[in-house]
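There are 2 protein chains.
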Amino acid sequence: MARRKVSNPLAFAVLGSLSERPMHPYEISTLLRSRGKDQSIKLNYGSLYSVVTALEKNGFIEARETIREGNRPERTIYQITDTGQQEFADWLTELIGTPTREFHPLEAGLAYLPGLPPDRVAELLEQRLKAVDAEIEEITAAHDQMASMEFPRLFWVESEFRLALLKAESTYIHHLAEEIRTDALDGSAFWRKAWKLYEEEGITPADQLKDPVKYFGTDFAWMQAIPPEAT
Amino acid sequence: MARRKVSNPLAFAVLGSLSERPMHPYEISTLLRSRGKDQSIKLNYGSLYSVVTALEKNGFIEARETIREGNRPERTIYQITDTGQQEFADWLTELIGTPTREFHPLEAGLAYLPGLPPDRVAELLEQRLKAVDAEIEEITAAHDQMASMEFPRLFWVESEFRLALLKAESTYIHHLAEEIRTDALDGSAFWRKAWKLYEEEGITPADQLKDPVKYFGTDFAWMQAIPPEAT
DNA sequence: CGTCTAATACTCGATTTCGAGTATTAGAGA
DNA sequence: TCTCTAATACTCGAAATCGAGTATTAGACG
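Chains B and G are the protein sequences, given in the same order. So the number in this note's numbering is just where the residue sits in the first sequence, counting from 1, plus 1. So the number in this note's numbering is just where the residue sits in the second sequence, counting from 1, plus 1.
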């Protein structure tokens with residue numbers, strides 16, 4: 002079993018919302034939207050209802066009443082239980098106090114950089130940079146507006162944090178793209194050569210790896226250290 | 002259907018590995034480990050085999066031979082197909098060039114900060130800070146070692162990127178913890194007061210929200226802006 | 001007064017995901 | 001030579017996930 006009975010982060014948001022007052026699921030979703038919490042916690046309707054059901058099954062929340070207005074579908078109003086309150090506090094404690102291993106998709110991409118030619122990668126990084134910087138602009142503008150409305154920072158620290166991460170990403174990929182363009186990245190000589198061999202002579206990377214000394218000489222001693230791991 | 006036929010990032014790593022040479026699944030997993038790629042892409046055995054099957058079903062890879070050594074279980078060696086090669090390049094292009102909305106668990110936590118008392122939160126942030134800084138140390142040491150072995154940076158940019166993000170996280174939570182401790186965070190007066198009311202007089206946050214003016218006066222005009230969203 | 005759109009309020013089930021378990025064997029050490 | 005551990009090489013099914021679809025209705029607009 003997973004560490005938590007209900008592990009979807011949306012369940013955390015549901016508990017957080019219900020600890021304020023009883024609500025029906027759809028109301029939770031609109032509340033999250035209106036407060037922008039859907040920027041920090043992924044809101045998906047499919048998940049919302051299954052998560053609510055799971056929370057109820059585990060005794061963290063309970064149905065309070067089912068009402069029907071006109072011909073609208075029934076709405077079940079839920080309220081949080083004491084164990085639910087406890088679970089929320091415990092979960093929050095963990096989220097803040099304990100880092101977890103995250104896997105950023107860009108990390109996955111960077112791990113396979115040589116899979117595309119250097120200049121193509123630089124181009125893609127610059128493309129990403131534009132998008133990231135645009136997002137930074139947007140968030141900054143939103144912050145300015147919230148500040149001008151005297152809406153306390155306490156309620157948007159999560160967005161500040163996101164901004165800090167985006168800025169770090171921007172800075173890093175900016176540098177990296179430049180280093181690739183200028184060949185300042187250690188290993189790029191090999192990278193360029195491998196792609197040249199492939200594009201001009203049709204020798205595939207797989208073939209190159211079969212006889213590295215032939216294609217790259219002994220300048221690339223470290224290649225012995227990336228072992229084609231004899232099976 | 003999801004944008005990709007096989008969307009698990011591990012599938013990307015499988016394609017990347019097989020574009021080097023044919024392998025059997027378990028060999029892929031050991032290769033990923035020995036190169037530290039499992040730090041950038043989540044490796045789970047359960048996922049590995051289902052992902053390989055899915056890749057085969059979609060024509061991205063194909064079984065090349067099935068061998069048996071001694072009494073060991075059979076091992077099926079897979080190789081990448083041309084469409085697989087194409088899919089890999091396309092996926093890599095997307096991973097690098099296009100940012101995706103990520104949901105960092107700490108963001109979720111920060112979005113509900115008032116759910117714990119201010120000093121407790123500061124304490125938790127400091128606890129997290131320690132762990133994050135320890136990780137930064139570890140990664141830095143690993144980088145030093147790779148550099149001293151003259152192992153080209155090209156092959157560990159993903160780890161550099163991760164380090165950049167961790168440093169940004171460290172800086173941010175360091176500041177935030179301090180701002181909470183010193184009450185420099187706008188909104189912390191309200192935060193403290195709410196918890197005091199609860200801890201000393203037993204008035205729950207839910208009750209406080211029912212009559213904000215009574216408990217917080219008109220200093221907190223912005224509270225009208227966090228609407229208990231009349232249903 | 002009729003039509004259209006946007007918002008309301010969900011449901012469904014096909015995929016995906018994953019952790020925990022299993023069985024075997026090579027080699028280290030006693 | 002025996003035992004024990006670590007590594008090898010997977011399997012399985014319970015649970016989670018999610019996007020796309022559906023049905024209703026209030027109110028805008030002509």
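A virtual CB, placed ideally from N, CA and C, is assigned to each residue, including glycine.
Cβ of W196/B within 8 Å of any chain G Cβ: Translated into positions along the first sequence, residue 196/B becomes position 195. Closer than 8 Å: no.
Cβ-based contacts, 9 Å cut-off: residues of the segment 85 to 109 of chain B near chain G: F89, A90, W92, L93, T94, E95, L96, I97, G98, T99, P100, T101, R102, E103, F104, H105, P106, L107, E108 and A109
Closest Cα partner of E88/G within the set I137/G, N59/G and T67/G: Within the second sequence, residue 88/G is the residue found at index 87, counting from 1. Ranking the options by Cα distance to E88/G, first place goes to N59/G.
heavy atom of the ligand SAH below 7 Å from A195/G C-beta: Because no ligand of any kind appears in the structure shown, any question about the ligand SAH cannot be addressed here.
Closest residue to E57/G among E161/G, T77/G and E108/G (Cα-Cα distance): As a working note, residue 57/G is residue 56 in the second sequence. Nearest of E161/G, T77/G and E108/G to E57/G, Cα basis: T77/G.
Cβ neighbour criterion (16 or more within 10 Å) applied to K131/G: As a first step, residue 131/G must be located in the second sequence, where it is residue number 130. By the neighbour-count rule (16 or more Cβ atoms within 10 Å), K131/G is not buried but exposed.
Limits of the beta strand (DSSP E) - the one that Q40/G falls within: Here residue 40/G corresponds to residue number 39 of the second sequence, with the count starting at 1. Premise fails: Q40/G is in no beta strand (DSSP E) and is neither H nor E.
Collapsed DSSP secondary structure at L19/G in the structure displayed: The residue labelled residue 19/G in the question sits at position 18 within the second sequence. Here L19/G sits in helix by DSSP.
Residues within the segment 36 to 50 of chain B neighbouring chain G, beta-carbon criterion of under 9 Å: R36, G37, K38, Q40, S41, I42 and K43
R182/B: first and last residue of the uninterrupted alpha helix (DSSP H) it sits in: Sequence index remark: in the first sequence, residue 182/B carries index 181 (1-based). From DSSP, the alpha helix (DSSP H) with R182/B extends over V158 to R182.
Residues bridged to Q80/B [DSSP beta-bridge criterion]: As a first step, residue 80/B must be located in the first sequence, where it is residue number 79. DSSP, once it has assigned bridges, lists E63/B as partnering Q80/B.
Three or more C-beta pairs below 8 Å linking the segment 190 to 197 of chain G and the segment 130 to 145 of chain G: no
The segment 97 to 105 of chain B contacting the segment 39 to 46 of chain B, beta-carbon criterion three pairs below 8 Å: no
Own chain partners of V52/G with C-beta closer than 8 Å, once the 5 adjacent residues on each side are dropped: Position 51 of the second sequence, counting from 1, holds the residue named residue 52/G. Here the set comprises V7, N9, L11, A12 and V15.
Proximity below 8 Å, CB of E170/B to CB of V122/B: Residue 170/B sits at position 169 when you count from the first residue of the first sequence. Residue 122/B sits at position 121 when you count from the first residue of the first sequence. Their beta carbons are not under 8 Å apart, which means E170/B does not touch V122/B by this criterion.
A178/B versus F221/B, L114/B and L210/B, residue with shortest Cα-Cα distance: Here the question's residue 178/B lines up with position 177 in the first sequence. Considering only alpha carbons, the answer is L114/B.
P10/G at chain B interface by Cβ criterion, 8 Å: Counting from one through the second sequence, the residue named residue 10/G turns up at place 9. So, interface residue.
Cut-off 6 Å between Cβ atoms - residues of its own chain near I204/B, not counting five sequence neighbours on either side: On the first sequence, residue 204/B is found 203 positions in, with the first residue counted as 1. Within the same chain, I204/B has close Cβ partners L198.
Rounded C-alpha distance that separates D212/G from P206/G: Position 211 of the second sequence holds residue 212/G. Position 205 of the second sequence holds residue 206/G. Looking at the two C-alpha atoms, the distance is approximately 10 Å.
R34/G burial status per 10 Å Cβ neighbour count (16 or more: buried): The residue you call residue 34/G lines up with position 33 of the second sequence. R34/G is exposed by the Cβ-count criterion.
Partner residues on chain G for G188/B, Cβ-Cβ distance less than 8 Å: Taking the first residue of the first sequence as position 1, residue 188/B is located at position 187. Near G188/B (Cβ distances below 8 Å), the residues of chain G are P153, R154, L155 and F156.
Minimum C-alpha distance to E108/B - residue among D91/B, L126/B and P119/B: Working through the first sequence from its first residue, we reach residue 108/B at position 107. When each option's Cα is compared against that of E108/B, the closest is L126/B.
Anticipated Cβ contact below 8 Å, F162/B with L111/G, distance rounded: Stepping through the first sequence from its first residue, residue 162/B is reached at position 161. Stepping through the second sequence from its first residue, residue 111/G is reached at position 110. Contact holds; Cβ gap of about 6 Å.
Under 9 Å from the C-beta of R129/B: neighbouring residues of chain G: Locating residue 129/B in the first sequence gives position 128, where the first residue counts as 1. Result: I97, G98, T99 and P100.
Reduced DSSP category for P213/B - H, G, I as helix; E, B as strand; rest coil: Working through the first sequence from its first residue, we reach residue 213/B at position 212. DSSP places P213/B in helix when its eight states are reduced to three.
Listed by chain order, chain B residues near F191/G by CB distance under 8 Å: Counting from 1 along the second sequence, the entry for residue 191/G is found at position 190. Within chain B, the residues near F191/G are P153 and L155.
Local Cβ density within 10 Å of V214/G, reported as buried at 16 or more and exposed below that: Along the second sequence, read from residue 1 onward, the residue named residue 214/G stands at position 213. Burial call: exposed.
Endpoints, the alpha helix (DSSP H) within which E136/B is located: Counting from 1 along the first sequence, the entry for residue 136/B is found at position 135. Taken as a continuous stretch (DSSP letters only), the alpha helix (DSSP H) holding E136/B covers P119 to S149.
CB-CB length for G116/B against A90/G, believed under 8 Å: Working through the first sequence from its first residue, we reach residue 116/B at position 115. Working through the second sequence from its first residue, we reach residue 90/G at position 89. G116/B to A90/G, Cβ: 7 Å. Contact.
Within 8 Å, strictly: CB atoms of D187/G and R36/B: Along the second sequence, one-based indexing puts residue 187/G at 186. Along the first sequence, one-based indexing puts residue 36/B at 35. Cβ distance not < 8 Å, so D187/G and R36/B don't count as in contact.
8 Å Cβ cutoff met for Y216/G and A165/B: Here residue 216/G is taken as the residue at index 215 of the second sequence, counted from 1. Here residue 165/B is taken as the residue at index 164 of the first sequence, counted from 1. Not in contact: Y216/G and A165/B (Cβ atoms no closer than 8 Å).
Member of I137/B, L32/B and M24/B whose CA lies at the smallest distance from the CA of T67/B: Residue numbering aside, residue 67/B sits at position 66 when the first sequence is read from its first letter. Nearest option by C-alpha distance: M24/B.
Buried versus exposed, by CB contacts within 10 Å (16 or more), A195/B: On the first sequence, position 194 is the one that residue 195/B refers to. The residue in question, A195/B, is buried, as its Cβ has 16 or more Cβ neighbours within 10 Å.
Contact check, L96/B vs R22/G, beta carbons under 8 Å: Indexing the first sequence from 1 puts residue 96/B at position 95. Indexing the second sequence from 1 puts residue 22/G at position 21. No, these two residues do not count as a Cβ contact at 8 Å.
Spatially closest choice to I81/B from V158/B, E63/B and T94/B, by CA coordinates: Indexing the first sequence from 1 puts residue 81/B at position 80. Checked all of V158/B, E63/B and T94/B; the closest Cα to I81/B is E63/B.
Under 8 Å from the C-beta of G116/G: neighbouring residues of chain B: Numbered from 1 along the second sequence, position 115 holds the residue referred to as residue 116/G. G17, S20, F89, A90 and L93, listed in chain order.
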